[in-house]
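In the numbering used here, the protein residues as written are 12 to 171. No residue lacks a Cβ here, since even glycine has one placed at the ideal position from N, Cα and C. A quick note: this is a predicted structure, and the numbers were derived from the prediction, not measured. Okay, structure first, notes after.
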Amino acid sequence: MELKTTYYKSPIGTAKIVGNNNGIQSISVLDDETISSSAIIPECLIECVSQLDEYFKGERKTFDLKLNPQGTEFQKKVWQELLNIPFNKTRTYLEQSKALGDVKAIRAVASANGKNPIWIVIPCHRVIGSDGSLTGYAGGIWRKKWLLQHENPNKQQSLF
12 MELKTTYYKS PIGTAKIVGN NNGIQSISVL DDETISSSAI IPECLIECVS QLDEYFKGER
72 KTFDLKLNPQ GTEFQKKVWQ ELLNIPFNKT RTYLEQSKAL GDVKAIRAVA SANGKNPIWI
132 VIPCHRVIGS DGSLTGYAGG IWRKKWLLQH ENPNKQQSLF
């Protein structure tokens, strides 16, 4: 089935959304602001654009989308576990490894987190270093900080 693409301008960059009726395959953030979003959003991507818009407006805490990320079985297992991290909560890479049943897989888990193809919806931004540091975010540490602050109901307080 042919993949469709659309763009959504978020407060922290333009999101490129790719998917079809089988689900969302990827959402990536682009630094290039010159991309213009087309007036016509493919029908299979409308709900994703709508839910991202609600998220950025502070009206949505969970996503209800059909997802179809492409990766190895291990990566898919890691990405599925990321979906268990609630809005406004964080988990360390070690805690993520423990949740997956293998403390020694911390580097493999961190690597799979970094390859997460579905930005924000699969919330890899909620995984932090054991010391509370904001480490390892493909979209840039400043975006990770922005997203965690966006999800924090006590926005006037420091996160760490």
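Whole-number beta carbon distance between residue j and residue i, since they are thought to touch under 8 Å
{"i": "Gln36", "j": "Asn79", "result": "5 Å"}
{"i": "Ile38", "j": "Ile117", "result": "With a Cβ gap of about 25 Å, Ile38 and Ile117 do not count as contacting."}
{"i": "Lys15", "j": "Leu63", "result": "The pair is not a contact, with the Cβ atoms about 15 Å apart (cut-off 8 Å)."}
{"i": "Gly125", "j": "Gly140", "result": "Their Cβ separation, rounded to whole angstroms, is 13 Å, which puts Gly125 and Gly140 out of contact at 8 Å."}
Exposure label - residue i; buried when at least 16 CB within 10 Å
{"i": "Gly150", "result": "buried"}
{"i": "Thr17", "result": "buried"}
{"i": "Gln107", "result": "buried"}
{"i": "Val114", "result": "exposed"}
{"i": "Tyr22", "result": "Checking the sequence, you will find Pro at residue 22 rather than Tyr. Label assigned to Pro22: exposed."}
{"i": "Ile133", "result": "buried"}
Contact under 8 Å by Cβ, residue i with residue j
{"i": "Glu54", "j": "Asn99", "result": "no"}
{"i": "Leu76", "j": "Glu58", "result": "yes"}
{"i": "Leu105", "j": "Ile131", "result": "no"}
{"i": "Ala110", "j": "Glu92", "result": "yes"}
{"i": "Ala50", "j": "Val89", "result": "no"}
{"i": "Asn33", "j": "Glu13", "result": "no"}
Coil, strand or helix - residue i by DSSP
{"i": "Ser21", "result": "strand"}
{"i": "Asn31", "result": "strand"}
{"i": "Gln86", "result": "helix"}
{"i": "Val132", "result": "coil"}
{"i": "Lys100", "result": "coil"}
{"i": "Gln168", "result": "The predicted model places Gln168 with a pLDDT of 47, which falls under 50 and marks its position as unreliable; any figure quoted below should be read in that light. Reduced to three states, the DSSP call for Gln168 is coil."}
{"i": "Leu56", "result": "helix"}
{"i": "Ser61", "result": "helix"}
{"i": "Ala123", "result": "helix"}
{"i": "Gln81", "result": "coil"}
{"i": "Ala4", "result": "Any question about residue 4 goes unanswered here, given that the chain covers just 12 to 171."}
{"i": "Leu14", "result": "coil"}
Minimum Cβ-Cβ distance from residue i to chain B less than 8 Å
{"i": "Val40", "result": "The structure shown has no chain B; it contains just one protein chain."}
Top-ranked residue by Cα proximity to residue i, from the options
{"i": "Lys156", "options": "His136, Val89, Asp142", "result": "His136"}
{"i": "Ile52", "options": "Glu70, Lys27, Phe74, Glu65", "result": "Lys27"}
{"i": "Gln86", "options": "Ala119, Val114, Thr101, Gln160", "result": "Ala119"}
{"i": "Tyr19", "options": "Asn32, Glu65, Met12", "result": "Glu65"}
{"i": "Pro97", "options": "Asp142, Val138, Ser144", "result": "Val138"}
{"i": "Pro164", "options": "Gly112, Pro22, Thr103, Lys72", "result": "Lys72"}
{"i": "Thr101", "options": "Val29, Thr25, Gln160", "result": "Gln160"}
{"i": "Phe67", "options": "Thr25, Val29, Thr103", "result": "Thr25"}
{"i": "Ser178", "options": "Arg154, Asn127, Thr103", "result": "Missing from the structure shown is residue 178; the chain here goes from 12 to 171 and no further."}
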